[in-house]
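>
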Amino acid sequence: MFKDYLQSIEGVEVYAIISMIIFITFFIGIIIWLFKVDKQYIKKMRELPLEKDSSMNFGEVHYKNPDKKN
Amino acid sequence: MELEKFSYDNGIVRKFAFATVLWGLVGMLVGILIATQLFAPALNFNIPFLTFGRIRPLHTNAVIFAFVGNAIFMGIYYSLQRLCKARMFSDLFSSIHFWGWQLIIVSAAITLPLGFTTSKEYAELEWPIDIAIALVWIAFGINMFGTILKRREKHMYVAIWFYIATWVTVTVLHVVNSIEIPVSFLKSYPIYAGVQDALVQWWYGHNAVAFFLTTPFLGLMYYYLPKAANRPVYSYKLSIVHFWTLIFIYIWAGPHHLLYSALPDWAQSLGTVFSIMLIAPSWGGMINGLLTLRGAWDRVRENPILKFMVVAITAYGMATFEGPMLSLKNVNAIAHFTDWIISHVHIGALGWNGFLTFGILYWLIPKLWKTELYSKKLANFHFWIGTLGIVFYASSMYWSGITQSLMWKQFTPLGTLQYPNFLETVLQIVPMYIIRMIGGSLYFVGVIVMAYNLIKTTRQGAFQKDEAAEAPPLVKFEDPFKKGLRHRWLEGKPIYFLFLALVAILIGGIIEFVPTFLIKSNIPTIASVKPYTPLELQGRDIYIREACNSCHSQLVRPFRSETERYGEYSKAGEYVYDHPFLWGSKRTGPDLHRVGGKYPNFWHYLHMENPSSMSPGSIMPSYPWLLTNDLDVSNTEKKIKVMRSIGVPYPDGYEEIALQDLHAQAEEITLDLQKSGAPAESDKEIIALIAYLQRLGKDIKAKNYSTNK
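The following block contains the structure:
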């Protein structure tokens, strides 16, 4: 049946393998990054849409001393 | 630090919100009409413009691009300005985007009923409109990136990533799938043929669902759900993993629309594998949405906005679990071509897209008009009647899909088909079609109530076109965060971000396409398969105009139940001259790939005039105009030339004698019809259509056909 088409491509397995490798590499990269990322950054980003007062959200002053945050 | 004063453009948000509700009502109303036609075919009133095949794409386009499209733009234009702490880049571009998009919708609403269509699902619009779409889309892109570039907030919130991925991918999809050669102002042929055309189309179709109905809405979810619940998203880290894996994997899964087709097997398997993998990021998004409400579920009981959002996210979870399951070949063998798929897409459209849009509207309109929602009671009513509508709709379509599929496959103990007459399997599910129409109508009533509620809300509030805001300017400063610099660096650079997202989606596309396009042996040619005659070609274009492929497939799958019913299963090599391919995706009527020679010409003549005269109880509409319309042959020469330019081997100079051939073949069919007693005339459209139907699938019936691998 369709196996005829499948077998007619030389080295067809390589496509599946390449795709798998690209994806897994990328995925692992993201996971490693997430383990290394600064927690304050994640906290800031999470709260970004909720910030009511636009003067309060600028990174430098506000976050350089995260301990002072209430 | 000095604060910069500026204003948010709420005017453009209001415009898109208005368009969302208006087109939502139109698209759903057309949906109810075609749902009704499926059990009352006379409701086409014998008018071409109101016939199922022509207005079914009107329904899908109106809902996807007009209703959901405008909702996306509404949601983006509001949230992007706030997340970037900047007004939209250019008011002019906002206007061009809005009015251009509405103009495209109107031109679709005119051309589709008139029969101008490319036949490709969710990309039916003809080439001049395709160009207009590209231009408007670019205007939107410039406006969006301009805003991101002049933002006052260094980091891009995850919603913006989804918006960027949406824009990039839709651009690529639209361009690749719309490469066509014009024949006339509103007629073109795609450069791809047969299997390749099918692969490109479903790569497009699948990813239109992914990047028009999913990613922008996930972006909206990440903004509006925290807003409505007044609490941050459950896990920002999860949103990052979920974003990258989603756009990476989604792009590969397109071939799952073509399982058991004549597409090479390796491409089908690739589609299945990636579809299964898709569960992970999809459910990552769903879980992230639902868990955002942890500890706040008591509020869901009281707040209709949160109710809508919870059901939307749940529907997303259900649809994205069901999708991968449908990609398993054994499940697909049952579900494909049936109403099961209709149910699946409506869980997504009515549940996910519809309900999230309603939730956003109920949140946004009082906000823009600085007032409270007019009636919470009506919103709750909308929620319940909408939910009930979805339940009626989905359950009836699951029931009908599975019933019909099992009937198609049922054999008697003697080994013959239990239900050899296709119509018998249709009549069995007609009651389900009625229930579906009721479900859709309930949903529609809910939307009318919402429209009323929102209008009343705007009446009691005061709209402010430009909302004053202030924020410190974005200055270059040292990144205050210690670790994990690179991804944040990326977020600070939207253009690099755009590029990387593009690479992620292109890798999938290229690895899928290149082998199919470059390796000739992927599509074995069959020596006995010849190009269509000029009359057949004209007939094929009538088939496309009437969108016969909305209800009839041209693809016999390699199952015994199908080869028994229809004949030899379909081979890739049979479609090499099909610009465009016409495999279809739904069998409301039987497959037509082997219909050639099955019935006499006279049968087709009477059947097109009134299908129930040949098949009592048939739900196919009548096509009386085909018997009286003159066939337009003026473009025959051009069509042959265009076909040759895209690889159909008509001999040089054939276009000059094409008309002669056309008339000769038409005379032959007309004589045969007249002998049978039909008052046929050789210059009518029906003759060309019969010529095409009688040709279908016949090439390989020629004795001793040989495959050339």
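Line by line, the protein sequences give chains A and B.
Oh and the first sequence: position 39 is 35 in this note's numbering, straight run, nothing missing.
Remember, this note's numbering sits 40 above the position in the second sequence when you count from 1.
Cβ atoms here follow ideal geometry from the backbone N, Cα and C, with glycine treated the same way.
#1: Please report whether the beta-carbon of Ile24(A) lies at a distance below 8 Å from any beta-carbon of chain B.
#2: In the DSSP assignment, find the unbroken alpha helix (DSSP H) run with Lys369(B) in it and report its ends.
#3: Mind checking which residues open and close the beta strand (DSSP E) that includes Ser47(B)?
#4: Only counting runs of 3 or more residues, tell me where the beta strand (DSSP E) segments fall wholly within the stretch 212 to 272 of chain B, in order along the chain.
#5: For Ile18(A), go through chain B and note every residue whose CB falls closer than 7 Å to its CB, in chain order.
#6: Does Leu457(B) come out as helix, strand or coil in the three-state DSSP assignment?
#7: Counting along the chain, where does the alpha helix (DSSP H) carrying Ala509(B) start and finish?
#8: Are the CB atoms of Gln594(B) and Asp631(B) within a distance shorter than 8 Å?
#9: Considering just the uninterrupted stretch of the alpha helix (DSSP H) at Ile173(B), what are its terminal residues?
#10: Can at least three beta-carbon pairs, one atom from the stretch 722 to 729 of chain B and one from the stretch 665 to 685 of chain B, be found at a separation below 8 Å?
#11: Start and end of the alpha helix (DSSP H) containing Gln750(B)?
#12: Strictly under 8 Å for the Cβ-Cβ distance: is His376(B) near chain A by that measure?
#13: Assuming contact is defined by CB atoms lying nearer than 8 Å, are Pro272(B) and Glu43(A) in contact in what I supplied?
#14: Taking 8 Å as the threshold (C-beta atoms), are Thr285(B) and Ala250(B) in contact?
#15: Report all residues from its chain with a CB closer than 6 Å to the CB of Met260(B); omit the five preceding and five following residues, and keep chain order.
#16: Mind listing which residues of the stretch 281 to 292 of chain B have their C-beta closer than 8 Å to chain A's C-betas, in chain order?
#17: Decide if the stretch 166 to 184 of chain B is in contact with the stretch 86 to 101 of chain B; the criterion is three or more beta carbon pairs, one per stretch, under 8 Å apart.
#18: Looking at the secondary structure, which residues open and close the alpha helix (DSSP H) in which Tyr483(B) lies?
#19: Just to confirm, are Lys611(B) and Ala302(B) a CB contact at a threshold of 8 Å?
#20: Considering only the alpha carbon of each residue, which of Leu575(B), Ala106(B), Thr255(B) and Leu454(B) lies closest to Asp672(B)?
#21: Using a beta-carbon distance below 8 Å, is Pro266(B) in contact with chain A?
#22: Excluding the five sequence neighbours on either side, which residues of its own chain have a C-beta within less than 7 Å of the C-beta of Lys65(A), listed in chain order?
#23: Closest Cβ-Cβ distance between Asn748(B) and chain A: below 8 Å?
#24: Could you say which of Val487(B), Gly155(B), Asn641(B) and Arg684(B) lies nearest to Asn420(B) if we only look at CA atoms?
#25: From the DSSP output, in three-state form, read off Lys611(B) for me.
#26: Listed in chain order, which residues of the stretch 112 to 145 of chain B have Cβ atoms closer than 8 Å to some Cβ of chain A?
#27: The alpha helix (DSSP H) with Lys679(B) in it runs from where to where?
#28: From Ser652(B) to Pro689(B), what does the alpha carbon distance come to, in whole angstroms?
#29: According to DSSP, is Thr158(B) helix, strand or coil?
#30: Do Val108(B) and Ile144(B) come within 8 Å of each other at the CB atom, strictly closer than that value?
#31: Any idea what DSSP makes of Asp0(A), helix, strand or coil?
#32: Using 10 angstroms around the beta-carbon of Asn86(B), count the other beta-carbons present and answer buried if the total reaches 16, otherwise exposed.
#33: Name the chain B residues that come within less than 7 Å of Ile38(A), Cβ to Cβ?
#34: How long is the line joining the alpha carbons of Phe89(B) and Trp392(B), rounded to whole angstroms?
#35: What residues in the stretch 203 to 214 of chain B have a beta carbon less than 7 Å from any beta carbon of chain A?
#36: Just the Cα atoms here: how many angstroms apart are Tyr483(B) and Phe398(B)?
Looking at the atomic coordinates:
#1: no
#2: Lys369 to Ala375
#3: Glu44 to Asp49
#4: 220 to 224 and 227 to 230
#5: Ile547
#6: strand
#7: No alpha helix (DSSP H) holds Ala509(B); the beta strand (DSSP E) holding it covers Asp506 to Ala511.
#8: yes
#9: Trp167 to Leu189
#10: yes
#11: For residue 750(B) there is no data in the structure shown, the boundaries of chain B being 41 and 749.
#12: no
#13: yes
#14: no
#15: Position check: residue 260(B) holds Leu in this sequence, whereas Met was assumed. So the qualifying residues of the chain are Gly115.
#16: Val281, Trp284, Thr285, Phe288, Ile289 and Trp292
#17: no
#18: Phe462 to Gln500
#19: yes
#20: Leu575(B)
#21: yes
#22: With a pLDDT of 39 at Lys65(A), under the threshold of 50, the predicted position of this residue should be treated as unreliable, though the coordinate-derived value follows. Excluding positions up to five away in sequence, the list is empty.
#23: Low local confidence applies: a pLDDT of 43 at Asn748(B) is under 50, so the model's placement there is unreliable, with the coordinate-based value given in what follows. It does not; no Cβ of chain A falls within 8 Å.
#24: Val487(B)
#25: coil
#26: Ser119, Arg122, Leu123 and Lys125
#27: Thr676 to Ser685
#28: 40 Å
#29: coil
#30: no
#31: With a pLDDT of 45 at Asp0(A), under the threshold of 50, the modelled position of this residue cannot be trusted, and the question is left open.
#32: exposed
#33: Tyr276 and Lys277
#34: 31 Å
#35: none
#36: 12 Å
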